[in-house]
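So the sequence shown is residues 1 to 291, counted in UniProt numbering.
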Amino acid sequence: MPLPTYLKRSSQLAISFVAALYITFHGRSINFGEAILCWDFYISLVPSVAAAYGMIWLIQTFMIWLDGIVLWTDKFLQRLVLQIVLGIILPSLFDLLLFYILFTSTGRDIVESGFLLVDYPIVVAFVILMNMLLVVLFYRHLHKRALESGALTVPFESDNFDSNEVPENKDEQVVLEIEYYGRSYQLDVVEDIIMFATVNKQVRVFTLTNKSYPINLSLASLREKYTSLKYCQISRGVIINMSFVTAYKIGEKRDTLELALDENMLKLIPNSTYLIVTKDNITTIESFFRK
Numbered sequence: 001m002p003l004p005t006y007l008k009r010s011s012q013l014a015i016s017f018v019a020a021l022y023i024t025f026h027g028r029s030i031n032f033g034e035a036i037l038c039w040d041f042y043i044s045l046v047p048s049v050a051a052a053y054g055m056i057w058l059i060q061t062f063m064i065w066l067d068g069i070v071l072w073t074d075k076f077l078q079r080l081v082l083q084i085v086l087g088i089i090l091p092s093l094f095d096l097l098l099f100y101i102l103f104t105s106t107g108r109d110i111v112e113s114g115f116l117l118v119d120y121p122i123v124v125a126f127v128i129l130m131n132m133l134l135v136v137l138f139y140r141h142l143h144k145r146a147l148e149s150g151a152l153t154v155p156f157e158s159d160n161f162d163s164n165e166v167p168e169n170k171d172e173q174v175v176l177e178i179e180y181y182g183r184s185y186q187l188d189v190v191e192d193i194i195m196f197a198t199v200n201k202q203v204r205v206f207t208l209t210n211k212s213y214p215i216n217l218s219l220a221s222l223r224e225k226y227t228s229l230k231y232c233q234i235s236r237g238v239i240i241n242m243s244f245v246t247a248y249k250i251g252e253k254r255d256t257l258e259l260a261l262d263e264n265m266l267k268l269i270p271n272s273t274y275l276i277v278t279k280d281n282i283t284t285i286e287s288f289f290r291k
């Protein structure tokens, strides 16, 4: 799914102008009609517009950069911390530094001028509001794409699969193509994938590169599709590539088994519960190892 592009430049400039206009008049008894005829008004307004635009540009640039690293939907707390540091603190410091240089160069004191006590709190509030706006746009985009996906995607059932997709020649590559936030991935089902698992009511594919991606396929569909490629369902929420399973043992809980992987593969599994075989699937696993 493509990532949101957020605000266009025209929108950024419009917001910058309105914000600068508000800050220029905030806390001051200035007649607007007289102000627009005075050069001093424009001398104050232009730097404010430039600073506001610079902050919006910084916030949006960091927002897009962070979207490519850690999404709100994947690791919310980690993203929140990064967003506060890069999206709020840095742009606020940028504005403070910019006006400190401006006031110093003109021989004025940043505190006595009223900027630090009157204008700067408004600047910080503006930065916070801009971050909130972009977060809302992110989730709005996410919701819109989800609706489009739900409207255009036909649910995958076993009867809908093309029987020719899993080749008779076992040496022929079977590819699972995934689109994830604007990037396309082609995964070799036999060589690149270690398991499919349900995480927070969402089916995800786990790869040998220690990545996981959401997919619009049910576990039932995946089981039917890839059984011939040594994929077995071991619990209600996990289908594993048995090519990477080395052995199994009796589980700690009654009527369970525990699958064993080599050490390198084990590091790719989020936690050991993903390797537990439940009662209904024990016969399948035992039969696999008897082959």
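Yeah, the Cβ is synthetic: ideal placement off N, Cα and C, and Gly gets one too.
Cut-off 8 Å between Cβ atoms - residues of its own chain near phenylalanine 115, not counting five sequence neighbours on either side: Phe99 and Phe103
Which partner residues of phenylalanine 196 appear in the DSSP bridge assignment? Val205 and Ile239
Could you spell out the range, first to last residue, of the beta strand (DSSP E) harbouring serine 105? Not the beta strand (DSSP E): serine 105 falls in the alpha helix (DSSP H), residues 90-105.
Inter-residue CB distance, valine 123 and isoleucine 239 (contact presumed, cutoff 8 Å): With a Cβ gap of about 52 Å, valine 123 and isoleucine 239 do not count as contacting.
Anyone know if the C-beta pair for valine 203 and aspartate 188 falls short of 8 Å? no
Which term fits alanine 125, buried or exposed, when burial requires 16 or more other beta carbons within 10 angstroms of its beta carbon? Looking at its Cβ environment, which holds fewer than 16 other Cβ atoms inside 10 Å, alanine 125 is exposed.
Please work out which residues of its chain come closer than 8 Å, Cβ to Cβ, to glutamate 252, disregarding the five sequence neighbours upstream and downstream, and give them in chain order. Glu258
Within its chain, find whatever has a CB closer than 7 Å to the CB of threonine 246; leave out the 5 residues flanking it on each side and keep chain order. Ala260, Leu261 and Asp262
Going straight from the alpha carbon of alanine 19 to that of aspartate 67, what length do you get? 26 Å
Whole-angstrom distance between serine 243 and methionine 265, CA atom to CA atom: 11 Å
Identify, in the order they occur along the chain, each residue of the same chain with its Cβ nearer than 7 Å to the Cβ of asparagine 210, setting aside the five sequence neighbours on each side. Leu268
I'd like the list of long-range same chain contacts for isoleucine 285, defined as Cβ closer than 7 Å, with 5 residues on each side in sequence excluded. Answer for isoleucine 285: Cys232, Ile234, Tyr248, Leu257 and Val277, listed in chain order.
One question on the structure: do proline 47 and histidine 141 come within less than 8 Å of each other, judged by their Cβ atoms? no
Taking only three categories from DSSP, how would you classify lysine 253? DSSP places lysine 253 outside both helix and strand once states are collapsed to three, so it counts as coil.
Report the three-state DSSP secondary structure of aspartate 119 (helix, strand or coil). Correct three-state label for aspartate 119: helix.
With DSSP collapsed to three states, give me the class of tyrosine 42. helix
Straight-line Cα distance separating valine 205 from serine 272: 17 Å
Return the first residue and the last residue of the beta strand (DSSP E) that valine 185 is part of. Per the sequence shown, residue 185 should be read as tyrosine rather than valine. Taken as a continuous stretch (DSSP letters only), the beta strand (DSSP E) holding tyrosine 185 covers 183-188.
Rounded to whole angstroms, what's the CA-CA distance from tyrosine 181 to leucine 71? Just pull it up for me. 10 Å
Could you tell me how far apart the beta carbons of isoleucine 128 and isoleucine 88 are, in whole angstroms, since I believe they sit closer than 8 Å? Their Cβ separation, rounded to whole angstroms, is 6 Å, which keeps isoleucine 128 and isoleucine 88 in contact under 8 Å.
Determine, using beta carbons only, whether isoleucine 178 and tyrosine 213 come nearer to each other than 8 Å. At a Cβ-Cβ threshold of 8 Å, isoleucine 178 and tyrosine 213 count as neighbours.
Tyrosine 180 in three-state terms, based on DSSP: strand
Under three-state DSSP, which class holds threonine 246? strand
So is isoleucine 56 buried or exposed if we call it buried at 16+ other beta carbons inside 10 Å? buried
Is tyrosine 6 buried or exposed, if buried means 16 or more other CB atoms sit within 10 Å of its CB? buried
Mark valine 118 as exposed unless 16 or more other C-beta atoms lie within 10 angstroms of its C-beta, in which case mark it buried. exposed
Quickly, what does DSSP pair tyrosine 213 with across the bridge? List them, please. Val205
Reduced DSSP category for glutamate 258 - H, G, I as helix; E, B as strand; rest coil: strand
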